[in-house]
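See below for the structure under consideration.
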Amino acid sequence: MLKNCLLSLLLASSVIIFNVYFLKGSSITDRFALIGEIAGFEVVDTPYLTNELIDEWVDTWIWGQTAPSHYRILGKLLVLPTYVLGKSYFSHYSIAFYNAFLCWSFISLFLTFFFFYQFVRQLFHEFEPNEQFAQISSIFLALCPPILCAFKFPVHGSPNDFLGYALILIALISLQYKNIFYFSIIMFISIFCRETNFIIVFLFLFFYTAINFKKRLLITALLAMALLTYRLIWYSHYNPLEGAQLNIKYLYESLIFFLLVFTIFWITGVLGYLRLRKQPYLNDVLSALVKAFPYLVVITTTIVLALARMREIRIEFILFFMILPFSIFYLYEIKDNILYLKNKYYLLYLLLLSVVIFKLRVSLMPLRLEEHDNYLLIFNNWYGGLGGGWVNISLIYLFFFLVFFPLCFLPKKTANKTHDINSPASTKATR
41 MLKNCLLSLL
51 LASSVIIFNV
61 YFLKGSSITD
71 RFALIGEIAG
81 FEVVDTPYLT
91 NELIDEWVDT
101 WIWGQTAPSH
111 YRILGKLLVL
121 PTYVLGKSYF
131 SHYSIAFYNA
141 FLCWSFISLF
151 LTFFFFYQFV
161 RQLFHEFEPN
171 EQFAQISSIF
181 LALCPPILCA
191 FKFPVHGSPN
201 DFLGYALILI
211 ALISLQYKNI
221 FYFSIIMFIS
231 IFCRETNFII
241 VFLFLFFYTA
251 INFKKRLLIT
261 ALLAMALLTY
271 RLIWYSHYNP
281 LEGAQLNIKY
291 LYESLIFFLL
301 VFTIFWITGV
311 LGYLRLRKQP
321 YLNDVLSALV
331 KAFPYLVVIT
341 TTIVLALARM
351 REIRIEFILF
361 FMILPFSIFY
371 LYEIKDNILY
381 LKNKYYLLYL
391 LLLSVVIFKL
401 RVSLMPLRLE
411 EHDNYLLIFN
421 NWYGGLGGGW
431 VNISLIYLFF
441 FLVFFPLCFL
451 PKKTANKTHD
461 INSPASTKAT
471 R
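Note that the working numbering has the sequence shown beginning at 41, numbered continuously upward.
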């Protein structure tokens with residue numbers, strides 16, 4: 041537990057520090073950048089930002105946003121009392137709101153890392169290196185663009201998003217311990233956080249076989265009724281097809297953002313799924329995840345393409361609870377392939393790759409100042425006003441994607457044999 045707490049604190053702190061001090065264009069670089077993100081425009085003339093205006097913006101952010109953000113109120117209700125309390129201690133309301141937002145972003149991030157560690161550890165509890173699986177998975181989680189660059193437009197990261205990830209993990213942990221009451225409560229709370237969390241209800245209904253189907257159907261029906269009632273009572277109209285129109289208009293950029301969600305883990309996650317599918321014995325939750333994997337990927341991607349904006353990569357990222365653990369399992373299976381890093385041909389490949397990526401970066405956004413400004417104007421219109429920052433981020437992740445890509449497909453003779461995670465050789469001694 042202590043090891044998990046320390047690692048989660050370290051990772052959550054690192055993400056916040058990176059976004060505040062090192063990530064250009066992050067909405068939490070300062071209080072005015074955050075206000076601009078919430079208000080919907082760049083704050084230039086700061087003297088006119090009176091306390092009354094800040095109060096009005098915060099009130100609109102909490103209660104007056106359009107759907108679907110209109111319904112995602114749980115994280116905002118955590119920020120609100122902290123902001124109200126802070127108004128008595130800070131000279132300007134913008135400082136109070138900034139600190140409240142930052143505080144709950146950190147807490148929600150910490151909870152996400154903490155419960156992810158617990159979830160992965162329990163998911164592979166029959167497998168000998170489950171502690172290492174949990175540690176490495178948590179680090180990989182922190183390095184994924186939707187987490188590491190969570191506050192850079194247009195990702196729109198907020199405490200509510202991280203809280204949604206944490207609720208998914210708590211719900212899955214409840215299933216690991218067969219505590220259906222806690223699972224139901226957590227999914228009910230998720231109604232007020234993110235509706236996309238209901239993919240866990242789909243998993244529960246069709247693939248979690250530890251309890252009988254009638255009970256699963258009853259719980260699902262009650263949760264669906266609660267969601268529908270909430271949406272009807274606090275109704276807000278929106279056109280869900282606007283996202284699809286943008287995705288089609290900026291098809292190339294949408295594809296890049298799709299790949300950025302998990303980068304190399306898209307491949308390792310699928311390969312891990314293919315290996316786990318061959319395992320003769322899996323625990324209830326791991327078995328449900330393996331069976332549900334192709335369906336959840338298709339459903340989530342379809343929702344993002346048709347009803348949301350692909351550039352908001354945090355939505356597709358809700359699949360992290362499958363993609364990252366499956367990736368860890370696969371990477372462990374082929375760990376002997378890391379020896380190929382010493383291969384002279386692979387080192388030559390890395391050298392050529394570095395040159396190609398650098399040339400691509402220069403061709404996209406020249407280093408010479410007089411040319412750079414002209415190219416920046418082009419990339420400021422990328423995906424309807426994205427800016428050049430994500431071009432740089434994309435190239436960095438593309439480089440690491442191509443670095444590890446060959447390791448996934450080395451000759452089978454170098455890889456370990458598939459492990460039966462319940463076999464005597466890999467099962468832990470009874471505690």
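Just so it is clear, CB atoms sit at the ideal spot from N, CA and C, and this is done for glycine as well.
Sequence-distant Cβ neighbours of VAL330 in its own chain, meaning closer than 7 angstroms and more than five residues away, are TYR313, LEU316, ARG317, LEU322. Minimum Cα-Cα distance from ASP70 among the listed residues SER214, LEU268, TYR138 corresponds to TYR138.
SER148 is positioned such that its CB atom lies closer than 9 angstroms to that of PRO199. Judged by DSSP in its simplified three-state form, LYS384 adopts helix. Under the 8 angstroms Cβ criterion, the stretch 190-210 counts as touching the stretch 100-119, having at least three qualifying pairs. Contact between the stretch 215-233 and the stretch 99-108 is not established, with fewer than three Cβ pairs separated by less than 8 angstroms. Rounded to whole angstroms, the Cβ separation of LEU257 and LEU245 is 7 angstroms, and the two are in contact under 8 angstroms. By the C-beta density criterion, ILE368 is buried, having at least 16 other C-beta atoms within 10 angstroms. Along the length of the stretch 314-371, whole alpha helix (DSSP H) runs at least 4 residues long occupy 324-347, reported in chain order.
In this structure, ILE240 lies near MET227, with their beta-carbon atoms less than 9 angstroms apart.
Taking the CA atoms as reference points, ILE307 sits about 22 angstroms from VAL396. Here ARG351 is not near PRO186, since their CB atoms are 9 angstroms or more apart. In the three-state scheme derived from DSSP, where H, G and I count as helix and E and B as strand, LYS192 is classed as strand. Take ALA264, set aside five residues on each side of it, and no residue of its chain has a beta-carbon closer than 6 angstroms to its own. For SER214, the uninterrupted alpha helix (DSSP H) run begins and ends at 199-216, by DSSP. Closest option to PHE398, judged by alpha-carbon separation, among PHE366, SER434, PRO121: SER434. At the C-beta level, CYS143 and ASN59 stay beyond 9 angstroms of one another. Excluding its 5 nearest sequence neighbours in each direction, LEU74 has C-beta neighbours in its own chain below 7 angstroms: SER67, ILE68, TYR138, PHE141, listed in chain order.
Excluding residues up to 5 positions away in sequence, nothing lies with its Cβ nearer than 6 angstroms to the Cβ of THR249 in the same chain. Straight-line measurement puts the Cα of ALA348 at about 14 angstroms from the Cα of THR106. When DSSP states are grouped into helix, strand and coil, SER67 belongs to the coil group. CA-to-CA, the gap between PHE445 and ILE343 works out to about 28 angstroms.
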